[in-house]
């Protein structure tokens, strides 16, 4: 172990001071110019009161056996030994497989879990269940459900839009105008899958401005860009209309680069017919866009001309595709950039996700990272990740997805490790009813999250700070050792130990472990990885003693520069080999909610619709600034942002005055799906008629036995609609919802989000 214990989280590397079995202080590395404040959630995390102290089984499940139950989330638990848990869980898995088949196990286990390469929870559970015979899996992510389906059909990939995006240094040196739809929120650049050791975005934007570059932000939130920018606050959900208005100016004023469109794209002519209104009689002009978005037509016209007059980078945040018809925003953003003709040119073109995570703009590694082999899944059944409630509630029902007609399986066991769907998934009342339908819910977690409280079998896992691992990410130059900082808390175990015991009980222990301890796996993975590199790295023990290893990267990238240089040698992985502004494949699917070219669809949840008469505020359920999703919500940084313990909701002063509200009030946020309490922050850095309530406050029902119960803590997913983006992608739409807000005058319900449930001894 290094002299000063260091480790890595998704939001940064740190050096820790550890006393009495817990982290008491953390220090970021000296080389990180903008360390994340989320590190402030780490002190006290190991021994927090919400830790699960030992194996537990829901009393109703233990008494009555497997089966549907409305008691999940309200029942008490019974403490059991590790041997008893292993026996019970192994027997239940065997029963489900023998009676219903492996397809009856759903193990999406979506979530960020640990940054570690070996102890990554989803990797462990998927390896285990594949050896058991397989499981129904999930596909894509809540963050990028629409993008992951539409962009491979349009540009042949979605991964490279982030992994091989235009470098921040290239943007600083060459971009004249950075036009951002959805902002460039620096709070989101705190994090990266697998960990991050530097946060360069803030400094890059400063250097861009110092050189004379300008930033234009289209977002209802002013602070979606930190510092100076030209801020336009459109009606939420109307970004595609704004882009179409800009594209109309390029098309009608001779500013579109026809040579680029002819050489590198296909189907522009079909799109232009729509743009100019030749088929539907509706020209998508700046005047048309202004009526929808609230952005003045002359401002859009002037901006389009500026975009065509210099080096312009068009960026689209991930948040814009978490809405009904979310496929359209990234598709239209790419189309707008193609019309400018600057794709593949340094400082111009297209970007997706700048300000959404600390990956776009960072040089990628020249090599892969060590991996835990998982093997193939014998079960081919899958669902889009955001369709979990649909699957559980409607077994046997058919649905459309990406040109396929699929059928929801009949799930009997939900197995979750390393995630919290009560943060990610929309419409929590519906999710609770869905979870009540299955026979058994198994959850591995270090903490008593809402998902753990809705489990039948609860497996207490260690945190990343109680085990050995290493990690890194594909756009960060360091592989970082993660030594154990403290002994495992109470009876918690790492998931590898749990699965090894289960595999042994089920007859494939040796195949699962391959005879290796967790430490031996770390060495094996490292040595297998290093043997395939084209550069030398130190032996494992030397790496471990040093605490980190610097890996080579590819700096100075421009997205699709190779394609622009030689479109034949670097043809895209689309049917045409080119950028598909019009997709024959998508058009052939016949979906009315996603035609063959980017288009404007009126959202179900927006201020221009009839629903706004009942719920006149547009709530943006964005990512929090004080934690990663729902991780460590009980930590000091997260708790410091709360108001009387409730998650803060921001509202413009005009809307607060109209409702008789003042800063610091506890308010009830509601619609016809549910309600939650939140603490009011009056803030004019957002558009009137818009409120902002971050996701990630641990779900805390005032009445745990009532699926429709108000959340006392401020989780916005009690309000969101559980509907997919379209028939194409079926992505998450939980970022936008219409609500009303009123002062809460009744007695405040107690906060129990971070309190363990009642746990009895087996003899009680």
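In the numbering used here, the protein residues as written are 77 to 840. Even for Gly, the Cβ is constructed at its ideal location relative to N, Cα and C.
Here residue 197 has 185, 187, 189, 190, 493, 494, 495, 520, 537 and 571 as same chain residues with Cβ atoms under 8 angstroms from its own Cβ, once five neighbours each way along the sequence are excluded.
With respect to the 8 angstroms criterion, residue 386 and residue 274 are not classified as neighbours on the basis of their beta carbons. Its chain contains 218 as the residues whose beta carbon lies nearer than 6 angstroms to that of residue 500, once the 5 sequence neighbours on both sides are disregarded; these appear in chain order. Of the candidates 659, 836, 819 and 747, 659 places its Cα closest to the Cα of residue 346.
For the stretch 154 to 227, the full-length beta strand (DSSP E) segments reaching 3 residues or more read 213 to 215 along the chain. In the DSSP secondary-structure assignment, residue 818 is bridged to 744.
Counting the other Cβ atoms within 10 Å of the Cβ of residue 651 gives fewer than 16, which makes it exposed.
Burial is judged here by how many other beta carbons sit within 10 angstroms of a residue's own beta carbon; residue 775 has at least 16 and is buried. Within a 10 Å sphere around the beta-carbon of residue 723 sit 16 or more other beta-carbons, which makes this residue buried. Just so you know, the alpha carbons of residue 410 and residue 564 end up roughly 48 angstroms apart. Excluding the 5 residues flanking it on each side, residue 344 has same chain C-beta neighbours closer than 6 angstroms at 337 and 657, in chain order. Boundaries of the beta strand (DSSP E) around residue 134: 132 to 134. Residue 356 and residue 680 have their C-alpha atoms spaced approximately 21 angstroms apart. For the 8 angstroms CB-CB criterion, residue 474 and residue 482 form a contact. 307 is the residue among 698, 307 and 256 whose C-alpha sits nearest the C-alpha of residue 761. Ranked by Cα distance from residue 545, the options 814, 363, 620 and 691 are led by 620. Excluding five sequence positions before and after residue 125, the CB atoms of its chain that fall closer than 8 angstroms to its own CB belong to 710, 830, 831 and 832, given in chain order. Closest in C-alpha terms to residue 303, from the list 360, 260 and 315, comes 260. Residue 391 is bridged by DSSP to 256 and 427. Taking 3 residues as the shortest admissible run, the stretch 482 to 542 contains the following complete beta strand (DSSP E) segments, listed from N- to C-terminal end: 489 to 493, 516 to 521 and 533 to 536.
For residue 319, there is no enclosing beta strand (DSSP E); the residue is found in the alpha helix (DSSP H) stretching over 315 to 328. Annotation: the stretch 688 to 753 contains the following complete segments of the beta strand (DSSP E) (minimum length 3 residues), in chain order: 693 to 696, 724 to 727 and 742 to 746. The DSSP assignment places complete beta strand (DSSP E) segments of no fewer than 3 residues inside the stretch 250 to 295 at 253 to 257 and 290 to 294, in order along the chain.
8 angstroms or more divides the Cβ of residue 167 from the Cβ of residue 491.
An exposed status is given to residue 642, since fewer than 16 other beta-carbon atoms sit within 10 Å of its beta-carbon. Judged by DSSP secondary structure, residue 435 falls outside any alpha helix (DSSP H); it is assigned neither H nor E. Per DSSP, the beta-bridge partners of residue 307 are 293.
Rounded to the nearest whole angstrom, the C-alpha separation of residue 648 and residue 419 is 13 angstroms. Segment contact: the stretch 789 to 803 against the stretch 711 to 730, three or more CB-CB distances shorter than 8 angstroms; contact assigned.
A straight-line Cα-Cα distance of about 6 angstroms links residue 654 and residue 342. Counting only residues of its own chain and dropping the five nearest sequence neighbours on each side, residue 616 has a CB closer than 7 angstroms to the CB of 599, 602 and 603.
In this structure, residue 498 lies away from residue 214, with their beta-carbon atoms at least 8 angstroms apart.
The Cβ-Cβ distance between residue 144 and residue 463 does not fall below 8 angstroms. The three-state reading of DSSP puts residue 111 in coil, since its state is none of H, G, I, E or B. Within the same chain, no residue comes within 6 angstroms of residue 612 by CB-CB distance, once the 5 residues on both sides are set aside. Counting along the chain, no beta strand (DSSP E) covers residue 637; the unbroken alpha helix (DSSP H) around it starts and ends at 637 to 641.
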